[in-house]
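K.L.:
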Amino acid sequence: NKLKLFVNPDFLSLASQEWMSSLSKRVMANRVKKFIPKLQVSDLLRPGTAGVRSALIDPSGSFVREALEFYGHRSFHVTNYNSPGATGSPAYSAYLVHKLAQKDMFAHLKKRTSPQTSFWDFSSILDSLN
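Start counting the sequence shown at 56; every next residue gets the next number (this note's numbering).
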């Protein structure tokens with residue numbers, strides 16, 4: 056399986072992109088511009104260390120691209136989620152909370168007696184999912 060990995064085009068592409076991002080501020084800036092269009096190379100102080108995130112590989116040696124969700128007894132597990140950080144995590148979290156609420160996974164929790172004040176209006180996010 057290790058040999059298959061080193062000839063797998065998906066792995067080679069992922070590894071080379073991450074490696075180049077570690078060596079070049081310009082490459083890293085160009086990748087980040089997808090999320091922060093106004094970013095300039097001069098905004099980055101020095102090259103950093105990017106890492107290849109662990110990815111699941113199926114029995115045939117192919118990458119599993121999507122996140123996998125597993126229900127346990129009073130637990131829920133997400134594996135293989137390759138988040139773009141702050142841009143994806145809140146939306147995916149809202150989706151998961153909504154999904155778990157629909158399965159009545161929060162029935163054992165007590166409701167708040169007073170509303171929580173927050174910059175993030177979870178009710179409006181739930182409304183947009185329906």
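Quick reminder that beta carbons are idealized off the backbone N, C-alpha and C, glycines included.
Thinking just about the alpha-carbon of each residue, which of Lys-158, Lys-57, Pro-145 and Asn-137 is nearest to the one in Gly-116?
P.N.:
For this step, residue 116 is matched to residue 61 along the sequence shown. Considering only alpha carbons, the answer is Lys-57.
K.L.:
Taking C-alpha atoms, which residue in Glu-124, Val-87 and Ile-112 lies nearest to Lys-154?
P.N.:
Stepping through the sequence shown from its first residue, residue 154 is reached at position 99. When only C-alpha atoms are compared, the closest one is Glu-124.
K.L.:
May I ask you to report which of helix, strand or coil DSSP gives Glu-73?
P.N.:
Counted from its first residue, the sequence shown places residue 73 at position 18. DSSP places Glu-73 in helix when its eight states are reduced to three.
K.L.:
Is it true that the CB of Leu-151 sits closer than 7 Å to the CB of Phe-135?
P.N.:
Here residue 135 refers to the residue found at position 80 of the sequence shown. Here residue 151 refers to the residue found at position 96 of the sequence shown. Looking at the sequence itself, residue 135 is Asn, so the reference to Phe does not match. No, these two residues do not count as a Cβ contact at 7 Å.
K.L.:
If you run the structure through DSSP and keep just helix, strand and coil, what is His-128?
P.N.:
As a working mapping, residue 128 is identified with position 73 in the sequence shown. Three-state result, His-128: coil.
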